[in-house]
Amino acid sequence: MLTEYQLSTFQETGHLTVENVFTQEDISKALQDIESWSEEFLARMSEEQRRWFLERGGTAQALRKLDNPAYHREQFQQMAKHPDVVAIVEQLIGSGVSVFFSQVFMKPPEVGGPKPVHQDNFYFGPNDLDATLTVWIALDEATIENGCLYYGDGSHKREVLEHFAPEDEPFNLQVEADLMKQFEMTPAPVPSGGISFHHGNTLHQSSSNTSQRPRRAVAFHYLRNDAKLTKPGLPYDLDIVVKVS
Ligand SMILES: O=C(O)CCC(=O)C(=O)O
């Protein structure tokens, strides 16, 4: 459970880092699972999936992400249902929650590209803006050099801003650079096994991985069970929701 201080930090800034939630044994199992899943996925990708899931620009086939680990992979489902994680999620968005979408972000060394500034609630379009929460778990240590998240502190108190997507990257919804001038983005490094929690309205981004180390992370997107995604910016398959509590 979070302390009063942690709770008020989250309420003020729209995000919170909690270290040492997962053991290094849990993390090694998750990384091993990603290795085998990536190999399987790369071997059977369609042309359309290549455009969506591979990093741009590199010469090698570098995987950018994998979708729905909480649904497809036992190891990740256990992480999403970890009692300490669920207790914090319920403290932040209320009891009775599900993971409706989840993502492994690979951010490979040297070629891992940036994720532009966005609010998850523009992607998800919930009918209650306080009913979504992202639980972002650092599998590798996330630092400024390898592309940790940056947050606009307090931006969750604002409305959901207009987003656009480049024509050749319909999945890459983002806020116009001009609108972003009013927000200062501050880095949130996280040690391996730690979690960065963020409110669905909090502006966030990550930069390129300019280091020689990977920055793998998994994000579980939770929704309180009495809320609905009424205006999603991208399609989500609600047949594969993982009910957690
Ligand atoms: O890991 C990243 O680089 C982006 C993560 C993100 O945007 C999210 O978890 O909502």
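Number 248 marks the last residue of the sequence shown (the working numbering); no jumps. The C-beta atom is built at its ideal place from N, Cα and C for all residues, glycine as well.
Assignment of H166 by DSSP, reduced to helix, strand and coil, places it in the coil class. Ligand 1 has a heavy atom closer than 7 Å to the beta-carbon of D123. By the Cβ-count criterion, R218 is buried, with 16 or more other Cβ atoms from all chains shown falling within 10 Å of its own Cβ. Secondary structure at T26: coil, using DSSP grouped into helix, strand and coil. If you ignore the 5 residues before and after V163, its C-beta comes within less than 8 Å of the C-beta of Q122, N124, F125, L132 and N204, all in its own chain and listed in chain order.
When the beta-carbon positions are compared, A73 and V100 stay at least 8 Å from each other.
By the Cβ neighbour-count rule, F108 is buried, with 16 or more other Cβ atoms within 10 Å of its own.
Distance from the CA atom of K110 to the CA atom of N228, rounded to whole angstroms, is 31 Å.
Ranked by Cα distance from G116, the options K231, R76 and L57 are led by L57. According to the DSSP assignment, T12 belongs to the alpha helix (DSSP H) that extends over E7 to T16.
By the Cβ test, the stretch 175-191 is not in contact with the stretch 219-226, since fewer than three Cβ pairs between them sit closer than 8 Å. Per DSSP, reduced to three states, the secondary structure at P238 is coil, with no helix or strand assignment.
Contact between H201 and T137 holds, since their C-beta atoms are separated by about 5 Å, short of 8 Å. Each of E42, R67 and A46 was checked against the Cα of R54, and the nearest Cα belongs to R67.
At the C-beta level, A168 and T20 stay beyond 8 Å of one another.
For A220, the Cβ falls inside the 7 Å cut-off from some heavy atom of ligand 1. The beta strand (DSSP E) runs lying completely inside the stretch 87-153 and spanning 3 residues or more are 100-108, 118-121 and 135-141, given in chain order. Shown here, Q177 sits in a strand according to DSSP, grouped into three states. Spatial neighbours of T26 in its own chain (CB-CB distance under 8 Å, excluding positions within 5 residues in sequence) are listed in chain order as G196. With a 10 Å radius around the Cβ and a threshold of 16 neighbouring Cβ atoms, R59 comes out exposed. In this structure, ligand 1 has no non-hydrogen atom nearer than 7 Å to the beta-carbon of K184.
With a threshold of 16 other beta carbon atoms within 10 Å, L232 meets it and is buried. Ranked by Cα distance from N175, the options Q81, I198, S209 and P112 are led by S209.
Beyond the five residues adjoining it in sequence on each side, S41 comes within less than 6 Å, by CB distance, of L66 in the same chain, given in chain order.
Per DSSP, the continuous alpha helix (DSSP H) segment holding F79 begins and ends at E77 to A83.
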